[in-house]
Each structure stands twice: as C-alpha cells, then as structure tokens.
Amino acid sequence: MDTQFYARLSNDLTQLLESGVNCDVSIEVDEEEVPLVNVFKVHSIILQSRSPYFKKKFDEITFNENQIKILKLPNISVKWKNFVIFELLITSNELELDELVEHLQSHLVNDNASWLRLNFAQVYRTSYQVKNFKIIRDFCINIITKHPNTIFESENFHSLPEGALISILKQDNLQLEEGKIWEYVIEWGKAKNSTLPTNLDKWTSDNFLSLKKALKGCLPYIRFFSFSNEDVVEKIYPYQQLLEHQLFSDINIKFITPNKQISSTILPPRKILNATLPTRNTSIPLSSDIITNEHALEISSWIDRKEIPYIENNPYEFQLLVRGSRNGFDVNTIFNICDKVSKTIIILKVEGTGEILGGYNPFEWAKDKNQWKPTNDSFVFSLKTADMKNSILSTSNGGCVRNYPSELRLSFGSALYLIGNLKTAKRCCCKDSVEYPEPIRSSEFISPNLSSPSKKSLFSVEEYEVFKILKRK
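According to full-length UniProt numbering, the sequence shown holds residues 1 to 473 in order.
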C-alpha cells in the first residue's frame, strides 16, 4: 500500500514540474563548452527540502517583479551521456543532493566500472578529495590493493595528493613487496622536489632534508621491518638520512640480531597472497603493427566484461587473419578471408590522425549474403595512443553488426562504418549511435548524418588488421 502511494506521489510531482504551475524559481544553467543557456522552472519548496545548497541559495535571492527568483549556475553540463555521469556526480555533491550522490556512485560502480578503470587516476584522486564519494573510493582502493600497478605505474602517479598516497600505504593487503613500495614512495617524493640532483652521490644533507620533509606523512606507514636483507642494504642504506636515528639503529639491530628487542614500532607485514607476485607478461607474441600487448589485455578485459582489467597473462590469443598492407584494403577482402569466422576484432589506424579504432564481432562474417545481427556482446572502441590519454569503450545497447558484402560495407550499428576500399575511398565514418552510446571519436569527427556526412568526419585508414580471438590453452 505504501509503495503505491509513493509511486503516485512521484508521478504527481513529475506532472507538477512539467506543467510549470506555481513555479517560483527559474534556474539558468550555462553549458561549459557551448554558448547556450538552459532555463529550468522549478518549485523552491521542493528543492529546499531536498538540498541544503538550494535552501541557502534561495534564501539569498529576492523575488523579481514577476515574483520569480532567478538562480544562475555557470559551467554545468546538462547532457546525459555515460562520460559525463562523473561530472554530474561532482555537481550533485556541490548541490548537496546526497541521495543522488549515493545513487550515481552505485550506478558508476555497478554499471560503468569499465569507465572508472579507464579513468582510474582521475577518479581515485577525486574520490579521495571529496568526502562523500566513499562508494567509489572503496571501489578504487579494492582495485589498488589487488593491482598496485594500476596507480603506481600510472602517468599521473607523481601528481597524486599526499593523503591519497598515505591511504594506499595504510592498506595491510596491498599486494606489493615492501622494497618496491619504498621505491615508489621515493620516486613520488623526488617528483615534489624537481631540483634534486639525479646522481645520489652528489646529494647534500639539505637535499636529503628536502626529501624527508616531502615524505614526512608517508614514512610512518612503510613496513621497514618487512624488508628483505638485500633490500635493507640496497634500498634503505642509500637513504638512511631520511630516517630518524633510533629507527635506523633498530633496523640495523634487527638486520644483525633478529630476536633482539627494539624500541621502534614494528608494523605488521602486508598480507601478500602469493610469495612471488606475477609480473606483467610482455613476452606473449602479438603479431600486430598497430596495437601493443597492453592494448590486447585491455580488449580481452572488455570481451570478458571484467571489472578489474587484465594486467598480465592474457587469456586469449590474437590470431592475425588479415592485414591491409599484406592482403589488400578492400572490404570484400575481410569478407572473403573471414567468411564463417566468429569472434573477431577489427583494428584500424586512421590516416592523418593516428587514432586506433575498432570493433568486436561475436558472430560469423558471411561473404555471400547480407545480414543484420542484433547482439549485446559486440562493442566498438578507440585505444589509448600518444595523443589520446585514455581508451574509450562503447558497449552494445541493443546494438547490431551489419554484414553487407553486396554493398562493400560492414558496420557496428551506426557507430563505425567501413565502406569500399579503406585506404583510397575515404568513405569510412563514425556517427552518434543509440546502439553504442559512447562516441569513440571527438565530436568534430562524428557525422551527424550518414546520407550526407561532413567532409571532416570521413576517413581512410593507414593500416588495418583483423584478429581471430582464441581461448589460450
């Protein structure tokens, strides 16, 4: 009975908002990147009851001659796409919409975990800085403890806030040897002091003092008594001036006489699951002139819909079937060689921009018939390159794969079209797609209309490859 009342109340409030009856506030929102103002007419009493932010703002504003309060909110996006949900979360927190903040965090963790992983360093930094982002912060910490390289090998590691680094060092189950953790912490501290000499032999006492100040908050969370004897000699001794005299003395005592009592606090060793942690496997042969082993691991994670991406031991073999420079660039080449072959990845290197685009087809290609196959297992993507900070994954939302050999065309919905000769025809393009909602190219290269695409959205390819995805034995 209560549920029915709540449902009807929600419906009534929606109708009240849409009708505009008795609206006493007009909220003007400026788009961040577009010269456009969106106006929303709302009821102050409802917003004030749901958000302390709006209550405070409305109390500060007086009514105009039409008995309307006007609130201006600059630099807020009102577009609802997967890649701006995180921005919406940040805005919701600023507006003190606590229930929405919790809901959006759960949505990102449960339904958009791949995006969180692809933007991991930014997400973790923000989640640490915003107290209310506990759900995402816990999600990030869980990944970091299991896969430390996710953050320690990130290009943004040196800019990680001190508090965020300390929160990682506090984790008892961080799966990394203490000597390696120490090296990362030293590296982070040096990045805060760009004037330090490169050669440690040339360091002065002042140099060590500067580094010690930078690491003051981190040093108490290093498990110095968990270092191997070899690491004590090779990694602690060169930086002994960073440690307090008593601590360094106790490390030496434990090194020489392990059973002797000392006064320094001994933190428990980390709970390493394996005595020897696996390292990233870069020895797996990958016959590609376009993608790297790291790219292949990322694609394999998408195929398996892994919340935590593979970082070693790829479960799949990428068997090269077609290469443009070897077999030809006509679309029919793909149909002829890949006829009746399922589970394939198409990789394209775009001429002129260096973008790496592609798509995964779980179905068989067919060289002798046109067919349209709906699927929720296909996806399209653009991969991280020197000019592109993060990869983009666009998963199927009731999407399809189109196999049209008679028209020299294959496509993934309307998100990625390959037509004719991929090198000379310059007819390939990407379009905004409801089937694959996340655009894999920037807006300037997205075609608004396939029947008359803009010249800038059309592209040819420098090289392309097609791989059969095989389960590795």
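Cβ coordinates follow ideal geometry from the N, Cα and C atoms, glycine included.
Quiz prompt | Backbone CA spacing between N281 and P309 [nearest angstrom] | solution = Because N281 sits at a pLDDT of 44, beneath the cut-off of 50, its placement in the model cannot be relied upon, and the following sentence gives the value as read from the coordinates. In a straight line, the C-alpha of N281 is about 14 Å away from that of P309.
Self-check item: Minimum Cβ-Cβ distance from Y404 to chain C less than 8 Å
Solution: Given the protein chain composition of this structure (a single chain), no chain C is represented.
Exercise. Could you say if the segment 436-453 and the segment 407-417 meet the contact criterion of at least three C-beta pairs nearer than 8 Å?
Key: yes
Quiz item: Rounded to whole angstroms, how far is the Cβ of F379 from the Cβ of L393, which I believe are closer than 8 Å?
Solution: 6 Å
Quiz item: Helix or strand or just coil, what does DSSP make of residue 475?
Solution: The question about residue 475 has no answer here: the residues shown for the chain are numbered 1 through 473.
Quiz item: Quick one: Cα of F329 to Cα of S301, how far?
Solution: 28 Å
Practice problem: Consult DSSP for K389 and reduce its assignment to one of helix, strand or coil. | Solution: Per DSSP, reduced to three states, the secondary structure at K389 is coil, with no helix or strand assignment.
Quiz prompt | Extent of the continuous alpha helix (DSSP H) to which S411 belongs | solution = Premise fails: S411 lies in the beta strand (DSSP E), 409-412, not in any alpha helix (DSSP H).
Practice problem: Would you decide whether V39 is buried or exposed? Buried here means 16 or more other CB atoms lie within 10 Å of its CB. | Solution: Exposed, by the Cβ-count rule.
Quiz item: Given a threshold of 16 other Cβ atoms within 10 Å of its Cβ, counted over all protein chains shown, does W372 qualify as buried or as exposed?
Solution: exposed
Practice problem: Pull up the distance between the alpha-carbon of P188 and that of G399, whole angstroms please. | Solution: In the sequence as presented, Pro is not what sits at residue 188; that position holds Trp. Each residue's alpha carbon lies about 44 Å from the other.
Quiz item: Are three or more beta carbon pairs between the segment 310-321 and the segment 130-142 nearer than 8 Å?
Solution: no
Practice problem: Below 8 Å on the Cβ atoms is my guess for E465 versus K456; work out the distance and round it to an integer in Å. | Solution: Not really, about 25 Å apart at Cβ, beyond 8 Å.
Self-check item: Per DSSP, cross-strand counterpart(s) of R402
Solution: W372, S411
Self-check item: Stretch-stretch touch, CB-based, cutoff 8 Å, three pairs: the segment 253-263 with the segment 202-219
Solution: no
Exercise. Express the C-alpha separation of A191 and E298 in angstroms, rounding to a whole number.
Key: If you take the alpha carbons of E298 and A191, they lie about 29 Å apart.
Quiz item: With distances taken from CA atoms, which of H245, Y124, T198, S194 is nearest residue 488?
Solution: With the chain represented from 1 up to 473, any question about residue 488 goes unanswered, as that position is not in the structure.
Self-check item: Residue range of the beta strand (DSSP E) that includes L320
Solution: 316-323
Quiz item: In the DSSP assignment, what are the bridge partners of Y360?
Solution: Y360 is bridged by DSSP to I345, F379.
Exercise. Can you have a look at F335 and say buried or exposed, based on whether 16 or more other CB atoms are within 10 angstroms of its CB?
Key: buried
Exercise. May I ask which residues mark the beginning and end of the beta strand (DSSP E) holding I236?
Key: Unbroken run through I236: none, as it is neither H nor E.
Practice problem: Tell whether a beta-carbon distance below 8 Å holds between V461 and K349. | Solution: yes
Exercise. Go ahead and label N361 buried or exposed: buried means 16 or more other beta carbons lie within 10 angstroms of its beta carbon, across all protein chains shown.
Key: Sixteen is the threshold: when 16 or more other Cβ atoms of the shown chains lie within 10 Å of the Cβ of N361, as they do, the residue is buried.
Exercise. Give the secondary structure of T395 by DSSP, where H, G and I count as helix, E and B as strand, and everything else as coil.
Key: strand
Quiz prompt | I45 versus C23, T62, I61, residue with shortest Cα-Cα distance | solution = C23
Quiz item: From H107 to L116, what does the alpha carbon distance come to, in whole angstroms?
Solution: Put simply, the backbone Cα of H107 is about 11 Å away from that of L116.
Quiz item: In chain order, which alpha helix (DSSP H) runs of at least 4 residues are fully inside the segment 214-270?
Solution: 245-256
Exercise. With a threshold of 16 other CB atoms inside 10 Å of the CB of F63, please say whether the residue is buried or exposed.
Key: Answer is exposed; the Cβ neighbour count stays below 16.
Quiz item: To the nearest whole angstrom, what separates the beta carbons of T344 and I469, a pair I think is in contact under 8 Å?
Solution: 7 Å
Practice problem: Would you kindly report the start and end of the unbroken beta strand (DSSP E) that includes I419? | Solution: 416-419
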